[in-house]
Structure formats: C-alpha cells, structure tokens
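Everything on this sheet refers to the single structure shown next.
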Amino acid sequence: MSDEKQIVKILQGNEACVEGALLAGIRFFAGYPITPASEIAEGMARRLPKIDGKFMQMEDEIASMAAVIGASLTGLKAMTASSGPGICLKQENIGFAAIGEIPCVIVNAQRGGPSTGLPTKPSQGDVMQARWGTHGDHPMIALAPSDVNEILEITVKAVNFSEKYRTPVMLLLDEVIAHMREKVNIPSREQLEIIDRKKTNVKKDEFLPFKADEDMVPPMADFGSGYRYHVTGLVHNEKGYPTSDAEEIDKFLRRLSNKVELNKKDIVIKEEYSLDDAKIAIVAYGSVARAAQRTVKLAREKGIKVGLLKLITLWPFDDDLINQLASQVDLIVVPEMNLGQMVREVQRAAQGKSRVISYTRIDGDLINPIEILEKIEEEMSQ
Amino acid sequence: MSDEKQIVKILQGNEACVEGALLAGIRFFAGYPITPASEIAEGMARRLPKIDGKFMQMEDEIASMAAVIGASLTGLKAMTASSGPGICLKQENIGFAAIGEIPCVIVNAQRGGPSTGLPTKPSQGDVMQARWGTHGDHPMIALAPSDVNEILEITVKAVNFSEKYRTPVMLLLDEVIAHMREKVNIPSREQLEIIDRKKTNVKKDEFLPFKADEDMVPPMADFGSGYRYHVTGLVHNEKGYPTSDAEEIDKFLRRLSNKVELNKKDIVIKEEYSLDDAKIAIVAYGSVARAAQRTVKLAREKGIKVGLLKLITLWPFDDDLINQLASQVDLIVVPEMNLGQMVREVQRAAQGKSRVISYTRIDGDLINPIEILEKIEEEMSQ
Amino acid sequence: MVTKKDNMKVYQNEETKIIVNEEWCKSCGICINYCPKKVLVANEKGYPVAEKIDDCIQCMLCELRCPDFAIRVENRKKVANYNMKDGSLED
Amino acid sequence: MVTKKDNMKVYQNEETKIIVNEEWCKSCGICINYCPKKVLVANEKGYPVAEKIDDCIQCMLCELRCPDFAIRVENRKKVANYNMKDGSLED
Amino acid sequence: MNKERKEICLSGSGGQGLILAGIILAEAAGIYDGFEVVQTQSYGPEARGGASRSEVIISKEKIDYPKVIKSDILLALTQQSCDKYIKNVSEDGILLADSTNVLKVPSFTGKIYQHPITDDAIKVIGNQLVTNIISLGIIVQLTDIVTRDAIKKALSARMPARIKELNIKALEHGFKIGEKLKII
Amino acid sequence: MNKERKEICLSGSGGQGLILAGIILAEAAGIYDGFEVVQTQSYGPEARGGASRSEVIISKEKIDYPKVIKSDILLALTQQSCDKYIKNVSEDGILLADSTNVLKVPSFTGKIYQHPITDDAIKVIGNQLVTNIISLGIIVQLTDIVTRDAIKKALSARMPARIKELNIKALEHGFKIGEKLKII
Amino acid sequence: MKNVIEKYIRKEMFPHIWCPGCGNGIVLGALIRAIDSLGWEKDEVAMVSGIGCSSRITGYVDFNTMNTTHGRALPFATGIKMSNPKLKVIAVMGDGDCAAIGGNHFIHAARRNIDITAVIINNMIYGMTGGQYSPMTPTGKFGSTAPYGNIDQNFDLSALAASAGASYVARSSIYNPNQGTRFIKKALSKKGFSVVEIISDCPISYGRMNKLRTPVKMMEWIKSISVPKKTWEKLSVEEKKDKIPMGEFLDICIPEYTDKYKEVCAIAQEGGGNE
Amino acid sequence: MKNVIEKYIRKEMFPHIWCPGCGNGIVLGALIRAIDSLGWEKDEVAMVSGIGCSSRITGYVDFNTMNTTHGRALPFATGIKMSNPKLKVIAVMGDGDCAAIGGNHFIHAARRNIDITAVIINNMIYGMTGGQYSPMTPTGKFGSTAPYGNIDQNFDLSALAASAGASYVARSSIYNPNQGTRFIKKALSKKGFSVVEIISDCPISYGRMNKLRTPVKMMEWIKSISVPKKTWEKLSVEEKKDKIPMGEFLDICIPEYTDKYKEVCAIAQEGGGNE
Ligand SMILES: Cc1ncc(C[n+]2csc(CCOP(=O)(O)OP(=O)(O)O)c2C)c(N)n1
Ligand SMILES: Cc1ncc(C[n+]2csc(CCOP(=O)(O)OP(=O)(O)O)c2C)c(N)n1
Ligand code: SF4
Ligand code: SF4
Ligand code: SF4
Ligand code: SF4
Ligand code: SF4
Ligand code: SF4
Ligand SMILES: [Mg+2]
Ligand SMILES: [Mg+2]
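Residue numbers (this note's numbering), protein chains in the order written: chain X, 224 to 605; chain E, 224 to 605; chain P, 854 to 944; chain Y, 854 to 944; chain R, 220 to 403; chain G, 220 to 403; chain B, 795 to 1069; chain H, 795 to 1069.
Now the structure itself:
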C-alpha cells in the first residue's frame, strides 16, 4: 500500500505541474498552446477526460482565462497555462478574477521576451509583470518553484492559496524547469494538504456573497447551488452590486488587497541554505536558485561565507525577511535571468542596510554557478 | 500675427491632448472607445480628416495598437488612447513596438481599477502597469502631466521621445485632468520643439535596420521608401533577422533597454516647489501634484517647511534625484490615488536615508490638500 | 376610477385594471404613443394616465413595450397574463 | 548528362535542363513522386536525379511543388518560364 | 471679484445642462475676463451624461488644487442636490435654489436666494432647457463673478445660431431676476 | 559509478531521437538504479522537435545545478554536433562518435571511441531509427553509468509493444559493440 | 398575485439605470417572459453579460448572474456551461460587445455549437461610452467618432452566426416584443448555440446624433426599417438598402458540444485515443 | 538569367527552417509567381504575417516585411494600408493565426473591405507549437490536445469571409499550385478585401498524429479530400463529409475602405459633417 502511494517517475516540469494540479483537485483546464507551456495543456487534454474533468482549448488566451473563471464559479477548481505573449492577453481577465474573488491558477512558463522574443529559451523576465500586469490595485500571489518535485508540490500550494484566498494565483515556471525531466515522488492525495474554498452555509436569502469573514475572505457559493448572486468587475458592495459610495469602495478595495498582504505569514514560502554564518547572501528563485545553490558550495570550498535565500513566494514580497537579511550580511547578490527585476524589491526592502547588487543574464542560457561566484569575488575585491 | 499664434481656449484635458498630438505631428490615430479616454478618439475623428490624417476605430484595443504600429512603420506619427481594461489588451503589442523599435504613443486616461472597477472615477492605479505591463525586459517611457496646459505640452514631449528613441511612450492621464477644463494657451508649431525620427541615408543595399548609432538608436526607414527590411517580434540581429546567437541576443536586449535608461538625463522631466529649505518633501505626480502644491502653501502658512517634487517623467525612474532628496529631508510623503505604487520606487531609491511614507486614497475622489497636510502633521508628531 | 397606493397609480373598470408605477416610469411616452386605442394620455410629468380605460382591449402592448416595467394591465375577469399570441405583431 | 557547380546538380539534354540545389533540397520526395513521366528518381540521400530526362515534358510540376525551391526546370529552346496554364490541374 | 479664488458649484440632475453652464461660465471668466479658471464635473456610471455636479473655480492666480474645497456659490436645481451639496458651502457663501424643485431649503449660515427658475424657463422663455442659462444670468448678476459682457460673449460663442437668441433672452431674464433678488 | 555527479551529453541533429534516448537513460538511472537524475535539452526555434542536444546528469546526491558544466560523456551523431560540443567535455571524458557521419574526429585529450552506429542501425538492425538506442547500449557497456538491467527495463517500459523487440535487439547490439570497443 | 416580471427581477435594483425609452428594458421583459413560459427554475439559469448599457441587464435578474469584461460574455458562459451542463446558460450582449471586441468569441461559440443562447441587443451604437459608431451602425449614419458619416459596412450578425456553425438564428426588434419573446423561447429550447438579435434603440446616443432624439422617433424608425424575412427575400437589391430582415434564419439540429465532450470522456475512460 | 523565385527571395535566409515537405514553401512559390506575373515592384509590396511556421514566410521575401504577433497580421496590415494606400499589402496567416486567435480581425478586415489580400496557409493544425488542433482541424482527427479525436466543428473560412463582407474569396491547395497562383493573382488584383485559402500539409505535426507521416502521404490525402466547387455543389450531404470544395466562391465589386476614407477627408475639408 505505502509502496503504491509514493510512485516514482521521471517527469518533465510541465508534466509535474499537471500531476500536482490534478492532485490538488483541478478539474477544469482551458488554454491556448504556446511554447514552453503547451505540454501542460497536452497533459490536461489526456488526463482530465479520464476523470470526468473538463479540458477546453479556447480560441485565444483571453477566452481561456474567461472560461477558467466561469468554470470556477460553478465550483470546479480551474487552471490555465501560457507564456509571456499569452499572459499579456490574460491580464484583463486576471483583474476580473481578482475583483470578483474567483479562485484560479495561471501558470506562466516563462520564455525570453519582450514580444515573441526567444520562444524556446528560458527567462525570468515576467516576474514584475506577474505583480503589476493588470491595471488597478489588486492582490497577487505568485510562486516560483525551482525543481520538478517542487513544481508538483508548489502547484498544489498554488491551487490551495487560490481556494483559500479566493484569488488568482500565478505559478511562475521558466523554460528550464518546465522542460527539464527529474525524478519525482508522486504523493497520494492523502499525503497532501488540499484546501477547498470555504462554502457559505447561511440561509439562501441571507447570503451576502462579498461579506468577508475575519480572515478577510468571503465564503463562496457555486453557481447552480441555489444561492443566486451577482458577480461583476465593477467595484461592488457586500451584496455584489455596483457601488459608488466612497466608504464602500474604500473598504472593499482595501480588503481585496489586504487579504493577501496581511496574510503574508501564511503565503510566503522560502528556503535558506548556509545563511547562519553568511556574510554574503545570494537571493534567487526559480531555476537560477539551483545554480546559486552550487555557487554556495563552490564559494564555501574557497572559504567564502556565502549563503542562499531561495524565494519561492515572490508575491506578496516579504520585506521583513530581506530587511533582516540585510542587517546580517554585507552584500546581497541577486542573480536573475532578466535585466534586474526582483532585485528592485530586494533593494527597497534592504533600505540601505547592506549593499544589494544585481547579476543579470538575458542571452537565453541559464545562469551558471561560476558566473555568480565570479560576480561575488569581483564585488568582494572592491 | 503673434496674437494669432497664441490662441487661448478653454479645453478639456483630453482635448488638449488631441491639440498637442496634432501639433507634434501625429497623423494616425487608431482606438477603441473607453471612458475616460473616448474624447481623444472623438477629437481625432473630427480633426484628422481635415488635415488628411488617418483616424480609425478598430474592432478592439489589440487591433488599435497593431494598426498604430503598422502606420508608424510607413512614416506617420501614430497614437492610440485608452484606459485600464484597454491598456491591458494592448500590452502584447506594446511589447512588439518596443522590440521592433517602432515609435508610437499610448495614452492611458486612468480610471479606478482593477477590472471594470470605477469607470468614471479617477485613479493612478496603472503607474506600475505602465512600466511592467508587457512581459520581458523592455524599455519604457511614461509621462504624467498634471494640468491641461501641461497635457498639451507633455503630449508633444511624448511624441518627441517616441520618435527620438524609437520606442513606445505611455502618456498617463487620470480622469480628473482628462475631463477637467482649463484655460490653455495653444502654441503654434513654430513655438514648439518638434522631433522627427532619424531617417537613414545609407545606400539602399547597405541599410542595416537595427544597427544603432552612438545614441543607441538606429536610424529608420519608411516602408515603401525603397529600403526593404524585415521587422519581427523575435529577438533579432542588426539585419533584422531572428537570431539565437547568445552574443547578439545580449547586445540587442541590453541596447534596447539602455537607450532609455542611459538617456535618463534627457527624458526625466520634473518640477520643484519650495524644496530649497524643506525638511519634509512631498513627491507627487498627476492631478495629486496639484493638491500637493496647495498643501505646501498651507503647510508653510503654518510654518512647516514642506516642499514638493513633482514628477512628470515616471519612467525611467530617476533614482539619483530621490536619493539626493532623501539626503536632504527627514521625511518624504508620497500621496497617490492608489494603494501605494510609486512610493515603492521612492523607498527603493531613498535607500533608508530618510523616512518614506505613503498616503493613499482609492475611493474615487481626488486627494485633497488638507488630507496630505494632516498626514504630514500626524507623522511629525511621531 | 383612480386609487393611489405608494407610487402606484391604479386605474380600473370592471374588466380592466391598469397599474402605473410612477416611481419607475421615466415618461418615455412609448406606451402612450403606441396604445392602439389611445387609452393613455400623459399627465404633466409625462406619466401615462388611463383616461379612456373603457376603450382598452387588453392587447398588453403598453406593458410589453414599457422599458421600465412601469405599466401593467390586468384582466380583472380572467387570470392576468401576458399575451403570447404568436405573430400577432408581424408586420 | 550531369554537371556539378557548387551544390547545384545540373541534368540536361538538348531540350531540357533540370537543376537540383542539393544544399536546399530536403529529400521530401514530392517532386519524384508526382513527376507524371517518372523522370526523377531518388539517390541514396533522397535527392532527385533526372534519370529519364528525355521523358521530361516540362510540365514544371516538380518545380511548382518543390517546397524548397530546390529543383528548377528550364526549357533550353524557349525562354524558361513557369507554367500558368489555368485549370490544368483541376481535378 | 475680491477673493483670490472663487469656487462655484452648479448642481442638479443629469440632463439639466449643468456641464454646459459650467463651461460657459469658465469661458467667460477665462477667455473674456482674463482669469485663471478650472471646470470639473462628476459623472454617473460610465459616461452617459448623468453628471449631477459641475464645478468652476475662478482665480486671479494660477489654480493649484482643481476641485472645490468650500463652495462660495452653490446653484441647486433639485432638492436632492441641494441637500447633498449645501454641506460643502463656505459659511458666508451663497445658495441659489430653484424653488420650482427645491421646496425645503436646508438651514445655512450664508445668503440664500430662491427663485422658481425652471418655472420661469417654461413660462417666461418657453423652454425648460434654458433653466441652466437663466441660472447663470442670476448668478452673474448677484455676484459679479464675471462681467455680464463676458458671459454674454461666452454664451454667444457656444450656441449654434438657431438657438442663440433664445439663450441670450434667457440670460438677460436671469440678469433681471438677479437684480430683483439682490434688492430683497 | 564512482564520481558524485556524471554529466552526459547526447548530440546530433533533430529527428535522431536524442531526447528519447536521454529520457530512457534518465529513467534507467532514476527509477531502476535509484540515482538522482536530471534530463534537459535545447530546442530550435519554437518547439518543432528540432533539438540538437539532450543532457543527462546522474548523481548519488540531490542535483543542484541542472545543466551540464563539463560533460563526462559525449555522444556525437553528426560532425557538426561533434565539433560544437567537444569543447565542453572534461579532459578525462569520453567521446563516442558515430563514424558514419563523424568523419573527422577533433583533437581531444580524453578517450575516443568510434563506430559506424548509423550504418549498423540500417544494416544490422534494419532501421535507421534505432541509432539512438544502439548508442545507448554502447555507452552503458562502455561506462557502466547505469546497469544493463536498468537500461533494458527503462527501454521496455517506454516502447510500444510493436517495436519493443526491435529496440531491445538494438540495445543488445550496442552492448556488444561496447564490449568490443572497450577491449580496443 | 405576483406579476411575471416581479418573479424574476431584483426589485431592490429598480428603477434601473437605463435612460428613458431605452430598449434594454423591453428586451429584458421579453427575455423574462420567454424564460417564464418555459417554466425554468431561477436556480438553474445562469446569465452572463459583457460590458455596456445592455450588459447591465444581469444585475437586474434574480438568476446566477455575471457582468464580465467587455466582449467576453461568451467565453465566460462557455466555462460555466462546460463545467455544469445542467445550467441553462444565456449570454446577453450589446452590439459593440458582441460584434466588435467580442466578434471572435461569437463565431467560436457558434462553431463549437455549445448549448448557450446568445441574445444581442443591437442598438447600432456604443451606448455606454457615449455614441461612438459600432460595427452595426448603418453605413452613412453618424456617431461621435463618425462625425462625417460612418463609412464601414456593417455585419449581418445572423449570416455570420449561421456561417460559423450555430443551430438557431433569428432577428426581431423592440417594436415587436411578442416576436422577440417567441424567438428567445425557441432559442432557449434549442440544444446548441442559438442566437437572437433584437434591434433596439438608444435615444440618448444614437438618437442624438441621428435626428431621432425621442424614444418614439427611434421606435418609428426601427419600425420603418424592419421587413419580415419573407418580404425581404422578394425585394430588389435597391429596395433592401437601409432595411433589415426580421425572422428566423436558421433552425437545424446538429451535435452539441457538451454532449460530444461526454463522448470524449467515454473514449478516454475506455482507454481509447491516439497514444 | 535570374529565376523568378530568386528575384524575390532573401537568399541569405535559405535553406528555410521549414521541415522537409512542408507546404509553406509551395505557397511561397505560388505567391511569388503571382506577384511576378503582375509585374509589381518589390518596393511597393508590404507583406505582413502573424506567428506560426507559415508566418515565417515574411522573413524569406525581399519586400517590406513584418512578422508580428500571433493572430494580429491583419490589423498591422490595416495600419500600413490606411497610412500608405499606395502600398500593395498582403497578409499571410496560418489557420490558427487567422481563424483561432485572429478570427475577429479577419471578419473585421472583411467587413471594412479594405484593400488587403489575405493568404491563409491552412495546414489544419498548429504546426509551430507541435500539433495542437486548430479551428480548422477536421472533426474526428487527432491533435496533441485532441488525443481522443477532435470534437469541434471547423470553420468554413470562405463562407465566413463572404458573410463578413469580403470582395473575393477562393480556396486551393498545395497539390494544385497553378490554381493557387491564379487565385492569388486575382486576389491581388482585386480592389477590396480578398481571401485565398490554401490547404497545406504539415507532415511533422498533423501527419504524425494522423497516420500521414510523409509529405507524399499528406499530399495524397489532400488530393483525396479536394473537390472542385462545381462537383461539390452536386454532392449529397453525406458525400460532402470529409471533403473540401476548391474554387472561387465570391468575386464582387463594392466600395473599398481607403477610397471611402478619402471621401471622409473631402467632407471634413469642405466643412461638412454632423456638428
Ligand atoms: C476592454 C474594454 N474596452 C472598452 C471598454 C469601454 N466600453 C464600455 S461599454 C462599451 C461599448 C458599449 O457598446 P455596446 O456593446 O453596443 O453596448 P450598449 O452600451 O450600446 O448597450 C465600451 C467600448 C471597456 N469597458 N473595456
Ligand atoms: C499570443 C500567443 N499565443 C500563442 C502563441 C504560440 N503560438 C505560436 S505559433 C502558434 C500556432 C501556429 O499555428 P498556425 O497559425 O496554424 O501556424 P502553423 O505553425 O501551423 O503554420 C501558437 C499557438 C504565441 N506565439 N502568441
Ligand atoms: S392594453 Fe393595449 S389597449 Fe389597453 S392600454 Fe395597453 S396598449 Fe392600450
Ligand atoms: S412606457 Fe413605461 S416608462 Fe414609458 S411612459 Fe409608459 S409607463 Fe412610463
Ligand atoms: S517538368 Fe514535369 S516531367 Fe519534367 S521532371 Fe518535372 S515533373 Fe517530371
Ligand atoms: S521536391 Fe524539392 S525538396 Fe523535395 S525532394 Fe524534390 S527537390 Fe528536394
Ligand atoms: S445610453 Fe442609450 S443604450 Fe445606454 S441606457 Fe441610455 S438609451 Fe440605453
Ligand atoms: S511543423 Fe509542420 S507546418 Fe511547421 S515547418 Fe514543420 S511541417 Fe511545416
Ligand atoms: Mg450598443
Ligand atoms: Mg497551421
């Protein structure tokens, strides 16, 4: 039995994402093909019909995002996957999911941008877009795993967070880990913590669809379940109807963002390597964090006290974590496969307490451990 | 004669934008209606045919952005205008304009978001989206005027920058100034500095369409002018053809961003009020800057040494400017009609040298001078 | 005969009851203009008044065309119902 | 008769010249399969060889259907031209 | 005008032409009387002309904050708008209420003027649509916020020929009422 | 396998089944031999299977950096790939070149093995498509990077029934060649 | 005794925000009457709209309702229908919503023949944003962005839907609410993608710019351009100009999408497919 | 003597990236021959594509060329044509590009009847991304996202273009390159929006999943499903199944958009319009 529970497979990152999503309870997927995310759609197309789940290839990414939201409203856990150009197109409806408080997961398997860019090459160029892509103030959770096992695990978390906080969650892969194959231990459903959205249980005529509990999240009801209500992209009151009352607007929009910002403790996932005695810290995420892990080894072999803070939750950004780190170390290096995006957040949070420098690579190849080490040595000699 | 040159009119912000755009040489406009930007399209629809310019209402915002880029390639100065939901949809093609180095201006008359949000109420909720809305690393210039005269003037600048740097420029209005009417002195073309894109003059078979001059900007050629070349959203070499050569990729993508980042001196526009002896600084932009101006007056009347740094260029962000300011003052207050967006940049650039606090208002009304003053007094008493 | 109940103006005779919701009515004039029997006239605020209620043939057109659900015609003898005679309006 | 020039293989008789660009040819087999006169055969790398060039009727189908512009047929007597006979392929 | 900055709030319901009135007032002040001027308004859901408030600020100096802080003058064409906006009139401000619709004037420390403006529009001028213009005439006459000449020029410049005369008549009727009200 | 981390690079041109070979090798190592394993590849423009390189890293410990730093083993099925990737083989590494296509072996400090693998696929096994599998057999036999049992199981599990036998035959042929090459 | 309309509306939201004489309310009435005549439970109906004046309709009815983003009602509705095929799904759209920004979703929903009823309130203008011309504004008419007259051809939405793969297509107008109700009822009963276009008025935006400023003038104009399908077919090209045919244009039975998807599941679960 | 193809291609870009036997090259040949037969100058031609294998076509021809974003070739082309009506503007699209994500632009370009020629290379699959089914994949066929067989109806692009307002619509296939050239030539000569759909192959993606792995097998299949329009019209519904009609479906003369826009300018400049 316990043998059967833990199945070992060699899976591609995108396949692990499908695996994790299905374990977490995703039963609806709508998408539009794009490199390097297509294998997620392909996996879903194969798997979902076997368990009476719904797979749809829509006419474009806009429609995919819309369908996912519609599906989620009927009670199905729903997901879509794309890459840069398609993520751009989803932005308007991501904003709708945010304001409508409709759980859903958007996977962005990042490739080189801008525009069509470098379709088959890895990048981390969309991490700021993940936070700010749609217009207006909105909550955003974005998670970035860095290996195939982690993809499975974090996909489950992404679905969980979306359900728990009734909000769109962005899962940020990059072409390296999306297409990479690794050994994966596939857990059973029982081994995982699976979170389902809170459902309302008030009387049907007393239901206020956007009245939040103490955790700032309103219990939900499925379309068709007998609780009839209205969902709109306009700013609305607790009843769900459009409002232009200043107080209602303020209350609603602040709650919307705060349910994520003020629950940071629960949402922030990170890992620390050799940070205890470190005087130099690398802050990294995604596939680059794996290069950084090796850099730490190489540096320590040379006697340089380097540690690694690996961010898995990129948004909400944990200022305190960085601020503390900056108090401890002299130098923070942020290697990224972009022109320096999360480093801006690190700089902001460090508040001048330590030097923060950026190491960037954008030529389509994964940053390697030696480059990072060289950058550190260069900075040390200054 | 000189009387005729300076015409005085009461114009709506959106009308002033049309006026400025036409003066700057805009001859193509494609758009899709949306509140509070529709008057720009309406003005263009009325004015452009009179001067043989082209006005098109497209089927959506995606198509509008595409048409603008196509038009610009034939040599016409081209513009579009929209608001949050429509700006979301334009993102993918804004990225194309960036990588294709095609001059164009995008007006975002900001309204309350996220999603449909508060369509008739003002907001500054899209200032981070302006920078990070499209995926991948890309250059971005964004300008935010704060009165109707300034709208005219800055619209001209926006067109100029787009032509000079061959890049999309975002002009950020907000519903207050877009719909507000003020007295405007309409200058004549001769009174303005109008910049046209550099044209190539090499022999036709020697033309390398993406080979930059020293200013990092390649001279351009109009489609149909006899210089035949290829424009693609893929990362490309100097010839314009797709490349997967690491060196070419790196060189191209860095130049693309640097032509804006390293020309900050030229692009950053700001105004300072009573900063000389200030111990407290307000950093503001757009319509809020006008409230802040009055706050400065009110504070000084009370003997509090407050000054104002009004940002007109939001992107590229001038770190040095803020860093210097933070060295001078004890407190920087950033009032915004959003949940605190540009304040993050101010915090980053201040590097802990002064306290930086955010004052936010999102209920659909313009921040007023007294609120800001109260916030300052509250902070002073801490 | 006119009775008042909230903002509801009720006009009735033995066969017909016409109810106008003056809170909802926006004085668009559609019901008045298209009543085939000219039963309705506008008062000073533009609200319909069933002056010639006795001429009403219960064709329901006023109710069906009212954009504001502000006028209702009830058949006092039979159960009130809307007219679903297919094609009655084909022209 | 076969001559060689760069990667160009030239097959010709008095009436016809068939040029195969082996650098561009991807051995898809289309020209060979659809030559109505079976003029062409594949060599070991799949490139077309005009073995029966004398049977060639200059129908141009090989050239028109080659996805790689890798085969050209020239009429050595008249000016080389492509076949625009309308409807000749209607079926 | 002696105060540096004068704030005027024109209120009522959508369709009463208050934005247009605001624009005309702004043009009179800005173009013909040479003041600095800002005109703003608030909209209902999206832009279907459902505005209920139009604000004009007139000043000798450059205007910073473009919204009304405390109105010096409030025009109220409906009861609802009167009740809502009276709170924001300065203590020594002026209220002009259209007594055709504003039946109950709220308590207020400043000056109150009342006149059945809509009634006059219908009965005297023969067109309800000029209520806004009569109101402008009254305000100008009462407050000298702009010159009569300026408002007349601004009105003429805005109006298409076929309704120009009617509107000038309405404006002048407003002047007359203003004069009468002043005396009371 | 005695080194902590072994890096294998399988190179050639698109359509030679190198990704599949990499996957089978990874499955052999990861599932049947219990190692940690990572397999990656590089693509041409968008994803039309034009990959020219497939990398496998096998290790007893968790693998951090997932890309090849210096290959321990390079398989080169074409001249172009041999020339390109030989630079990145460690000094004491191994090159297996398919002498059907690699006519000129570049100078190299490590061990060089050559065999006309494609020829064998066509002539011995009767199907060019199994070139990749023969190669796997040779590599396993030469290096013991995984056990023969593991690679056989992995291959069997991957292959649809109708071509399983053919592939096993190819693998075993690879073993044989490997043995011969080892002796040389 | 409760009126049929009252049974279905969210009374607290009334009076609605639409302008005096706006046809949106007439269409809402027709829609409610059609649903009522089918005896559907409110719980089993989901109604989805996009953005526009007409799209405010979903706020007024007591179903499972959704007022989404501009042009996207149909893909949202598709997600709902696929996930819970038991729900009766209706998408209400404006002409801009459906035919301009939403045109692609419209033809794709038709192509899939998914069991959704699309009701298009065609007032031939962008009402909400103040009267810009839409893809349905007749050539030569004015809009705030067509101050010199509209030069675009307009779509024949019925022809488009039919050629894209729909099952049922009809057109009526607010002048003829009984016919509208009847067509909507048939559309709702249809298994597959069904389309009812209702020609409507917008005295505020369309009327203002086209000398039809009152609801009655607009209604008269609509009456004057309406021609029953049968009459239409007999008209010459010249006579057809400026006229719109009313009636049912398509009514066929073809396999429906959620039904076909069930077959996919069956194949998958039997281990079939293209491995 | 220079070959007609060589005159127009960017030789340095060859051999092209397309797979062996891919129809894109055959269409490129047909297109070049059509342009050459019209004697157009290279400078006066602008060619725009979206994203897909087929869209790489613009990189290979020596015109003013643009490889834009997925689905958006037509609005980019529209901007070019409006701005410089003297340019001959051609948009080349894949089936996914044109009919999936780009469907709306397609029907709107047709509606405007703007003088652009759209050439659609319909290989019935998303080639570039590895074989997901497209809106043109025949029902029942397989794609990597349709492992149990495609249940979607597919578009009849010709019918769609015609019903949306185009001037010229025709369909041919790579089996019949002469016909393709002829149709493209007619389309290019047409003032107004013209559409030529060319049925093409994709041995790699479509072929792999549908047991048509070689170019020749794919070509044979295309031949087998092609039916001349005249024959098609005589077929029964049953016989029509799995067949595609080839030929010209529409050829009309209606006012063109950039011409009509000139009239707008004239009105505006004479002081006309709706003030
Ligand atoms: C993406 C986006 N673009 C534009 C708008 C602005 N907008 C709101 S409603 C509308 C058009 C309304 O026209 P229609 O769909 O015909 O509905 P109507 O108001 O006439 O009923 C537009 C363009 C928007 N909300 N979102
Ligand atoms: C917005 C966006 N979505 C998706 C993609 C990924 N993509 C690239 S090409 C393509 C489809 C190609 O199919 P088709 O248009 O038929 O062209 P083909 O490759 O078959 O010639 C897709 C979905 C993209 N580049 N951009
Ligand atoms: S039911 Fe008919 S006759 Fe009676 S009032 Fe209404 S419209 Fe007139
Ligand atoms: S139709 Fe309705 S809203 Fe219009 S006047 Fe009659 S009752 Fe009033
Ligand atoms: S021209 Fe015709 S006959 Fe001659 S080789 Fe080519 S296909 Fe064969
Ligand atoms: S058709 Fe062209 S590419 Fe194919 S085999 Fe013949 S010459 Fe070579
Ligand atoms: S603007 Fe037009 S469509 Fe909108 S509510 Fe008013 S009349 Fe109706
Ligand atoms: S994948 Fe298909 S469409 Fe793309 S180049 Fe290869 S054969 Fe052609
Ligand atoms: Mg409309
Ligand atoms: Mg295709």
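Think of the CB as a built atom: it goes at the ideal place given N, C-alpha and C, for glycine as much as any other residue.
Here the region 544-551 of chain X does not lie against the region 373-391 of chain X, with fewer than 3 beta-carbon pairs under 8 Å apart. Taking non-hydrogen atoms of ligand 5 into account, the C-beta of P889 of chain Y is found less than 7 Å away from one of them. Taking 7 Å as the cut-off, the C-beta of C878 of chain P does not count as close to any heavy atom of ligand 7. Interface flag for P929 of chain B against chain E is set, since a Cβ pair is found closer than 8 Å. Taking 8 Å as the CB threshold, P920 of chain Y lines the interface with chain H. Using a CB distance below 8 Å, the part of the region 456-481 of chain X facing chain B consists of G456, L457, Y464 and P465, ordered along the chain. Within 8 Å of the CB of V798 of chain H, no CB atom of chain E is found; the nearest one sits about 18 Å away.
Classified as buried, G243 of chain X has 16 or more neighbouring CB atoms from the shown chains inside 10 Å of its CB. Within 7 Å of the CB of L589 of chain X, the CB atoms of chain G belong to K286, in sequence order along the chain. Per DSSP, Y962 of chain H is not a residue of any alpha helix (DSSP H); the beta strand (DSSP E) it occupies stretches across Y962 to S967.
In the three-state reduction of the DSSP assignment, G340 of chain X falls in the strand class, which pools E and B. By the neighbour-count criterion, in which a residue is buried when 16 or more other Cβ atoms sit within 10 angstroms of its Cβ, G899 of chain Y is exposed. For R1002 of chain H, no Cβ of chain B is located within less than 8 Å of the residue's own Cβ. Along the region 289-340 of chain X, the beta strand (DSSP E) occurs as fully enclosed runs of 3 or more residues at 300-305 and 327-335, listed in sequence order. F319 of chain E reaches chain X at S338, counting residues in chain order whose Cβ is nearer than 7 Å. C-alpha of K1023 of chain B to C-alpha of G896 of chain H: approximately 32 Å in a straight line. Taking the Cβ of T852 of chain B as the reference point, every heavy atom of ligand 1 lies at 7 Å or farther away. Per the DSSP secondary-structure output, G937 of chain B pairs in a beta bridge with B:A940. The Cβ atoms of I418 of chain X and T390 of chain X lie no closer than 8 Å to each other. DSSP places R272 of chain G in the uninterrupted beta strand (DSSP E) bounded by R272 to S278. CA-to-CA, the gap between P442 of chain X and K387 of chain X works out to about 10 Å. Residue state for G241 of chain G is assigned as helix, using DSSP reduced to three classes. When DSSP reads this structure, L554 of chain E sits in a beta bridge with E:I503 and E:R578. For T455 of chain E, there is no enclosing alpha helix (DSSP H); the residue is part of the beta strand (DSSP E) that begins and ends at H453 to T455.
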